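A.B. asks: Counted from 1, the sequence shown has number 98 at position 98 by UniProt numbering; the numbering is strictly sequential. Where a beta carbon is used, it is the ideal one built from N, C-alpha and C, also for glycine. Keep in mind that this is a model prediction, so the values were computed, not measured.
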Amino acid sequence: MKAVEIMYKFTDYYRNEVTLSFDDHPFSQFPKHVWVICRYKNKWLLTKHKERGLEFPGGKVEENESAIDAAVREVKEETGGIVATIRYIGQYTVAGKGGTIVKNVYFAHVKKIGGQKTYYETDGPVLLNHIPRDVKRNRKYSFIMKDDVLTLCLTHIAD
Ligand code: GTP
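1) Locate the alpha helix (DSSP H) running through residue 194, then write down its first and last residues.
2) Going by the C-beta, is Asn42 closer than 7 Å to any heavy atom of the ligand GTP?
3) For a test of the three-state rule: what should DSSP assign to Lys43, helix, strand or coil?
4) Are at least three pairs of beta-carbons, each pair with one atom in the segment 19–36 and one in the segment 115–129, less than 8 Å apart?
5) Rounded to the nearest angstrom, what separates Ile101 and Lys32 at their Cα positions?
6) Specify the secondary structure class of Val75 as computed by DSSP and reduced to three states.
7) Ignore the nearest five residues each way along the sequence and tell me which others in Thr93's own chain have a CB closer than 6 Å to its CB.
8) Would you kindly work out how many angstroms separate the C-alpha atoms of Glu17 and Leu45, rounded to a whole number?
9) Could you pull the DSSP bridge partners for Val105 from this structure?
10) Would you say Arg87 and Phe107 are within 8 Å of each other, going by their C-beta atoms?
11) Thinking C-alpha only, which one of Ala71, Glu77, Lys41 and Arg133 is nearest Val34?
12) Quick one, which of Ile157, Val110, Arg73 and Lys146 has its alpha-carbon nearest Lys41's?
13) Is any heavy atom in the ligand GTP found nearer than 7 Å to the beta carbon of Val110?
14) Classify Asn64: buried if its beta carbon has 16 or more other beta carbons within 10 angstroms, exposed otherwise.
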């Protein structure tokens, strides 16, 4: 028998409706977006997006690319991090003006941070001992870090 599926519903920083689940790909087998919660040497590994601010790395899945390959690639491009282990955590949708996106969340351990010639739309890696308690109000942080996806995923990882 299948376990009862739990869907978390809340609104994001821009008041778009978000639905998050820790089930196995509940919304799409082929999501077009990925987000990767990263650890490196007992620290959180984030990137500094030039416009949005500090956030965990992520982005769009390219054509003929799997979501997990996109996740590994985005970590490298935005932080220089080489992924050692990665696992699927959950999936969420964001319903915005331009339509609904589906994003996979992964938890990854990085074994090495190498220098990159370019970090694309970001200024590269940022290591943190702790994610600040005021992340939802802190202007240094990206809107992507400001809804319950982050808190629920961190709790899920810790469990
Ligand atoms: P381009 O096609 O590159 O221009 O993409 P975009 O800037 O329109 O954004 P994208 O397709 O990545 O996402 C569309 C919208 O979904 C964004 O404007 C956000 O409002 C929202 N969105 C994307 N990712 C996230 C996320 O991780 N969390 C939340 N809350 N919203 C997101």
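C.D. replies: In short, the structure shows the following:
1) Absent from the structure is residue 194, since the part of the chain shown begins at 1 and ends at 159.
2) In the sequence shown, counting from the first residue as 1, residue 42 sits at position 42. No, the ligand GTP has no heavy atom inside 7 Å of this Cβ.
3) For the purposes of this step, residue 43 is taken as the residue at position 43 of the sequence shown. Assignment of Lys43 by DSSP, reduced to helix, strand and coil, places it in the strand class.
4) Because the criterion of three Cβ pairs below 8 Å is not met, the segment 19–36 and the segment 115–129 do not touch.
5) For the purposes of this step, residue 101 is identified with residue 101 of the sequence shown, where counting begins at 1. For the purposes of this step, residue 32 is identified with residue 32 of the sequence shown, where counting begins at 1. Each residue's alpha carbon lies about 7 Å from the other.
6) Here residue 75 is taken as the residue at index 75 of the sequence shown, counted from 1. Helix at Val75.
7) Position 93 of the sequence shown, counted from the start, is the residue given in the question as residue 93. Beyond the five residues adjoining it in sequence on each side, Thr93 comes within less than 6 Å, by CB distance, of Thr19, Phe27, Thr100 and Val102 in the same chain, given in chain order.
8) The residue labelled residue 17 in the question sits at position 17 within the sequence shown. The residue labelled residue 45 in the question sits at position 45 within the sequence shown. The straight-line gap from Cα to Cα measures roughly 27 Å.
9) As a first step, residue 105 must be located in the sequence shown, where it is residue number 105. Paired residues: Trp35 and Gly90.
10) On the sequence shown, position 87 is the one that residue 87 refers to. On the sequence shown, position 107 is the one that residue 107 refers to. Going by C-beta atoms, Arg87 is nearer than 8 Å to Phe107.
11) For the purposes of this step, residue 34 is taken as the residue at position 34 of the sequence shown. Among Ala71, Glu77, Lys41 and Arg133, the Cα nearest to that of Val34 is on Ala71.
12) Within the sequence shown, the letter at position 41 stands for residue 41. If you compare the alpha carbons of Ile157, Val110, Arg73 and Lys146 with that of Lys41, the shortest gap goes to Val110.
13) By one-based count along the sequence shown, residue 110 stands at place 110. At a cut-off of 7 Å, the beta-carbon of Val110 does not count as near the ligand GTP: no heavy atom of the ligand is closer than that.
14) The sequence position of residue 64 within the sequence shown is 64, counting from 1. Exposed is the call here.
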